[in-house]
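Read through the structure below, which is laid out as structure tokens, and then see the notes.
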């Protein structure tokens, strides 16, 4: 279908540039409740995304503009391709944006993104993941599986554009979501987790079950934290959530060329991203689209650029804005593509050392939800589970919340030397923030 | 597209559904088929960019069977009848059918086609006219204050076409969902703050009228956020706007009564069926048949016809909301809440329009009754905790109330947390007003479906932070 669309789009009047992305995906899904299969699903989808650009004079005679539109072509569109593409030209002709150009031919990096077992035996991989959960729970008395979902997928992408760029990539993907229930003290509590990786072998299911079984047990006896301002350590998946916020992180938004072009971020290359003088460890991060088996890794960007690893912030100073060719051209900056995986170097202290002060200190291991405001950096998150450390005692806490501003917190943060790979985050296992507001009892 | 009649290009596949179901049921005890197609437009106008694009269309067929032991599904984006027949044959042939006494009830026989009614049909307006309308709105908003650094106006128009068949039912529907959003960003040179105004629902363009006074109010609140302070953490009397009330209903007693959560032993609410769980002033409903709601539909993705469900009536927890599988397993009554994100995902028990029923207290009287507290204006997010029965709602901002008056002192953002029964029992007044706000809802961190939530103003006590 891709070659047919290419032929057609080249013949369509008013298309001045274009790119096509053919995406085919196979998904195997396995759902269990307790020890029984609830559902199994097999999904196959195919589509072609056509990005159509049209150049036209402005309505007021004020120069040339470029409009764009993105349409999705399905197999059922084959008989009416010509009409669909003409509609796309019409939609693109409506919007008046400054002209930008698409990237030309490039060689693309080799990026490790597949697990052969997923490609050949997705059902087996899905069932093995669920079986590993059951196996890991065998020596956890009082803890049982509520439910689990395993998604095992392969995605193939072929890309080409009007400037000669042409590439392809294949990636696999696994998602494991599970809920563990712990019983005791006349009650039952849960711990739930969702993890994504490119390979099933990067999911240490036994470790996940170990940690979350303990979290579920601790939730049984957890009480509210005490209101006040305290040092707070955030670790593992909770830290990933705080820093990446599901992709809409202030760190990602603030360093975006599009946000800069829209005047929605005040970050400027060469200047500190912090309002206050940093007093913590130097903060450096990369957008790494080449991270082996990173969930946000890729070879080919959506506009045809080769993917790359980019130093975004070094020692608190913005080094590079990230962005596709369009916004890079508007701002006369190098084009880098979309944000990749978050990569942060390890800190100077061990994980245990960050938790070793006499306290009171709160260690948060799970939020109900944590997504700092991408524009302001402000955050509030309910504590799903944490620990109060006070004079050598460790007390589980839940309920209440922590709040603050992510950038202010990072300006004072210290980081663990141990690092973790959590799918789209590769960085310190834990961060220590000296002053965070805790709302509790 | 024709907004009311089932699309001709899907008529062939729709016509095959009864035969597909019959053929699959020669091998399995229950089968159903759902054809789904979403398509629409998206327009965005900002200070420096404009964009007119399609909403990414999604289409395909889902074949669902009960094997006697589990539900199994095959889904494909290809809707050609011959290929679909082959898919169905190969799918049921691959299944291991288990002899079982369990019978899946296909429901009472029903046939029908339904479509959203509109006063101003969006199809009567060209994309250019819609873009011009967004440009006008942008220009009006942009000129309101010199501190504005950007205004983004976005318009979404989604047409959802669905056809369902099992051996008892042949149903089809076309839902038109519209959404207009104005996001205003302001700066004092040292920081950027923003607020937004949303209009949405199922219906026509009449839903999306934005008045000048609404834009002025948006500008006022955006600028006020430049001087926002942190709220003092702790327990506090609050008045929740309908938007905040709705998210409390949604997070506190919506997710926690989705019956698949009962099945997974994840819902603490199950222990309280038939018991007083909230203030007697409180009734909470989920109603997919609510006219114009952003979460409205005529039947769910399993062919159950939409109708209201009283979840809490006068403070007593009456029942949950269900999909077919959980209602069947629990031997509980079905409601029309079996929904899927797309053909790529399974059905779960999901909310539609979830709200507190209105009460009798005038809003002014509620505010006057607060000596010291916070008026919570607008939510930016929420998260459920059905097992622990905790609740998190993040309010974009709130305003101080002192001696019965709103003072203009703004706090932002504000986290509202608490133990669900404590919050519901703390409700001491329910407003006589009513409003729904639309959005999308995930189950955990995925499975997004359009919903709305709302109700009247509420006076309650909660932990702020």
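Residue numbers (the working numbering), protein chains in the order written: chain F, 1132 to 1572; chain C, 983 to 1447.
No residue lacks a Cβ here, since even glycine has one placed at the ideal position from N, Cα and C.
Every value quoted in this text rests on a predicted model; they were computed, and no experiment measured them.
Checklist entry - For residue 1510(F) versus residue 1535(F), is the C-beta distance shorter than 8 Å? => result Mapped onto the first chain, residue 1510(F) falls at position 379. Mapped onto the first chain, residue 1535(F) falls at position 404. Taking 8 Å as the Cβ cut-off, residue 1510(F) and residue 1535(F) qualify as a contacting pair.
Next on the checklist: Going by DSSP, what residue range makes up the alpha helix (DSSP H) through residue 1297(F)?
Outcome noted: For the purposes of this step, residue 1297(F) is taken as the residue at position 166 of the first chain. Element bounds for residue 1297(F): not the alpha helix (DSSP H) but the beta strand (DSSP E), 1297-1315.
Checklist entry - Which one or two residues does DSSP pair with residue 1356(C) in a beta bridge? => result Within the second chain, residue 1356(C) is the residue found at index 374, counting from 1. In the DSSP output, where bridge partners are listed per residue, residue 1356(C) has 1220(C), 1382(C).
Checklist entry - Taking 8 Å as the CB-CB cut-off, is residue 1053(C) touching chain F? => result Counting from one through the second chain, the residue named residue 1053(C) turns up at place 71. Residue contact check for residue 1053(C) against chain F: a CB pair falls below 8 Å.
Checklist entry - Roughly how many angstroms separate the alpha carbons of residue 998(C) and residue 1236(C), rounded to a whole number? => result Taking the first residue of the second chain as 1, we reach residue 998(C) at position 16. Taking the first residue of the second chain as 1, we reach residue 1236(C) at position 254. C-alpha separation (whole angstroms): 37 Å.
Checklist entry - Are residue 1437(F) and residue 1239(F) close, meaning C-beta to C-beta below 8 Å? => result Start at 1 with the first residue of the first chain, and residue 1437(F) comes out as number 306. Start at 1 with the first residue of the first chain, and residue 1239(F) comes out as number 108. Taking C-beta atoms as the reference points, residue 1437(F) and residue 1239(F) count as a pair closer than 8 Å.
Checklist entry - What is the residue span of the alpha helix (DSSP H) that residue 1460(F) lies within? => result Position 329 of the first chain holds residue 1460(F). 1456-1462 is the extent of the alpha helix (DSSP H) around residue 1460(F).
Item to check | Neighbourhood of residue 1169(C) by C-beta, 7 Å cutoff - its chain only, sequence neighbours within 5 removed | outcome: The count along the second chain starts at 1 and reaches residue 1169(C) at position 187. Closer than 7 Å at the Cβ level, and outside the excluded window around residue 1169(C), lie 1129, 1131.
Checklist entry - Which whole-angstrom value is the C-beta distance of residue 1055(C) and residue 1328(C), which I expect to be below 8 Å? => result Residue 1055(C) sits at position 73 when you count from the first residue of the second chain. Residue 1328(C) sits at position 346 when you count from the first residue of the second chain. Taking the Cβ atoms as the reference, residue 1055(C) lies roughly 7 Å from residue 1328(C), within the contact range of under 8 Å.
Item to check | Amino acids of chain F, ordered along the chain, whose beta-carbon sits closer than 7 Å to that of residue 1326(C) | outcome: The residue labelled residue 1326(C) in the question sits at position 344 within the second chain. Within 7 Å of the CB of residue 1326(C), the CB atoms of chain F belong to 1158, 1174, 1176, in sequence order along the chain.
Checklist entry - Are the C-beta of residue 1271(F) and some C-beta of chain C separated by less than 8 Å? => result As a position in the first chain, residue 1271(F) is number 140, starting the count at 1. With respect to chain C, the C-beta atom of residue 1271(F) has no partner C-beta closer than 8 Å.
Checklist entry - Under 8 Å between C-beta atoms, does residue 1167(C) make it to chain F? => result One-based indexing of the second chain puts residue 1167(C) at position 185. Closer than 8 Å to some Cβ of chain F, the Cβ of residue 1167(C) qualifies, so yes.
Next on the checklist: Would you say residue 1132(C) lies against chain F (beta-carbon separation less than 8 Å)?
Outcome noted: Translated into the one-based positions of the second chain, residue 1132(C) becomes position 150. Using a Cβ-Cβ cut-off of 8 Å, residue 1132(C) counts as an interface residue toward chain F, since at least one Cβ of chain F sits closer than that to its own.
Item to check | When 1182(C), 1279(C), 1076(C) are compared against residue 1153(C), the one with the closest alpha-carbon | outcome: As a position in the second chain, residue 1153(C) is number 171, starting the count at 1. When each option's Cα is compared against that of residue 1153(C), the closest is 1279(C).
Item to check | Inter-residue CB distance, residue 1164(C) and residue 1121(C) (contact presumed, cutoff 8 Å) | outcome: Within the second chain, numbered from 1, the residue matching residue 1164(C) stands at position 182. Within the second chain, numbered from 1, the residue matching residue 1121(C) stands at position 139. Not confirmed; about 12 Å, so no contact.
Next on the checklist: Using the three-state DSSP reduction, which class does residue 1430(F) fall into: helix, strand or coil?
Outcome noted: For the purposes of this step, residue 1430(F) is taken as residue 299 along the first chain, with counting starting at 1. Under the three-state reduction of DSSP, residue 1430(F) is assigned to coil, being neither helix nor strand.
Checklist entry - Is there at least one Cβ from chain C nearer than 8 Å to residue 1127(F)'s Cβ? => result Chain F is shown only over 1132 to 1572; residue 1127(F) falls outside these bounds and no answer can be derived.
Next on the checklist: Does residue 1182(F) pass the burial test, meaning 16 or more other C-beta atoms within 10 Å, or should it be called exposed?
Outcome noted: As a working mapping, residue 1182(F) is identified with position 51 in the first chain. Answer is buried; the Cβ neighbour count reaches 16.
Checklist entry - In chain C, which residues lie with their C-beta within 7 Å of the C-beta of residue 1195(F)? => result Start at 1 with the first residue of the first chain, and residue 1195(F) comes out as number 64. Neighbours of residue 1195(F) on chain C: none; closest Cβ ~15 Å, over 7 Å.
Checklist entry - Interface residues of chain C around residue 1358(F) at Cβ under 7 Å? => result Indexing the first chain from 1 puts residue 1358(F) at position 227. For residue 1358(F), the residues of chain C that pass the 7 Å Cβ criterion are 1215, 1216, in the order they occur in the chain.
Next on the checklist: With distance defined between alpha-carbon atoms, name the residue in 1315(F), 1333(F), 1232(F) nearest to residue 1260(F).
Outcome noted: By 1-based counting over the first chain, the position of residue 1260(F) is 129. By alpha-carbon distance to residue 1260(F), the top candidate from 1315(F), 1333(F), 1232(F) is 1333(F).
Checklist entry - How far does the beta strand (DSSP E) with residue 1173(F) in it reach, from first residue to last? => result Taking the first chain and counting its residues from 1, one reaches residue 1173(F) at position 42. That run of the beta strand (DSSP E) goes 1167-1188.
Next on the checklist: Tell me the rounded alpha-carbon separation between residue 1364(F) and residue 1380(F).
Outcome noted: Position 233 of the first chain, counting from 1, holds the residue named residue 1364(F). Position 249 of the first chain, counting from 1, holds the residue named residue 1380(F). Just so you know, the alpha carbons of residue 1364(F) and residue 1380(F) end up roughly 19 Å apart.
Checklist entry - Using Cβ-Cβ distances below 8 Å, what residues of the stretch 1380-1392 of chain F are close to chain C? => result Listed by position along the chain: 1392.
Next on the checklist: Please state the DSSP three-state secondary structure of residue 1215(F).
Outcome noted: As a working mapping, residue 1215(F) is identified with position 84 in the first chain. Under the three-state reduction of DSSP, residue 1215(F) is assigned to helix.
Next on the checklist: At the level of alpha carbons, what is the spacing between residue 1202(F) and residue 1161(C)?
Outcome noted: Mapped onto the first chain, residue 1202(F) falls at position 71. Mapped onto the second chain, residue 1161(C) falls at position 179. Their Cα atoms are separated by approximately 20 Å.
Item to check | Cβ of residue 1063(C) within 8 Å of any chain F Cβ | outcome: As a working mapping, residue 1063(C) is identified with position 81 in the second chain. Chain F has no Cβ within less than 8 Å of the Cβ of residue 1063(C).
Checklist entry - So with Cβ pairs under 8 Å, would you call residue 1358(C) a contact of chain F? => result On the second chain, position 376 is the one that residue 1358(C) refers to. No, residue 1358(C) does not count as interfacial toward chain F.
Checklist entry - Taking the Cβ atom as the reference point for each residue, do residue 1406(C) and residue 1222(C) lie within a distance shorter than 8 Å? => result Within the second chain, numbered from 1, the residue matching residue 1406(C) stands at position 424. Within the second chain, numbered from 1, the residue matching residue 1222(C) stands at position 240. Not a contact, by the Cβ cut-off of 8 Å.
Item to check | Three-state class that DSSP yields for residue 1100(C) in the structure shown | outcome: Within the second chain, numbered from 1, the residue matching residue 1100(C) stands at position 118. Secondary structure at residue 1100(C): coil, using DSSP grouped into helix, strand and coil.
Checklist entry - Using the rule of at least 16 other Cβ atoms within 10 Å of the residue's Cβ for burial, across every protein chain shown, is residue 1292(F) buried or exposed? => result Stepping through the first chain from its first residue, residue 1292(F) is reached at position 161. Its Cβ being crowded by 16 or more others within 10 Å, residue 1292(F) is buried.
Item to check | In chain order, each alpha helix (DSSP H) run of at least 4 residues that lies wholly inside the stretch 1028-1100 of chain C | outcome: Those alpha helix (DSSP H) runs which fall completely within the stretch 1028-1100 of chain C and span 4+ residues are 1063-1075.
Checklist entry - Contact check, residue 1372(F) vs residue 1481(F) under 8 Å by CB: the rounded distance? => result As a working mapping, residue 1372(F) is identified with position 241 in the first chain. As a working mapping, residue 1481(F) is identified with position 350 in the first chain. With a Cβ gap of about 23 Å, residue 1372(F) and residue 1481(F) do not count as contacting.
Next on the checklist: Counting C-beta neighbours from all protein chains within 10 Å, is the total for residue 1419(F) 16 or more, i.e. buried, or is it exposed?
Outcome noted: To locate residue 1419(F), count along the first chain from 1; it is residue 288. Buried, since its Cβ has 16 or more Cβ neighbours within 10 Å.
Checklist entry - Since residue 1238(F) meets chain C, which of its residues come closer than 8 Å, beta carbon to beta carbon? => result By 1-based counting over the first chain, the position of residue 1238(F) is 107. Here the premise fails: no neighbours, minimum Cβ distance about 30 Å.
Item to check | Interface flag, residue 1346(F) vs chain C, CB-CB below 8 Å | outcome: Residue 1346(F) sits at position 215 when you count from the first residue of the first chain. With its beta carbon at least 8 Å from every one in chain C, residue 1346(F) lies outside the interface.
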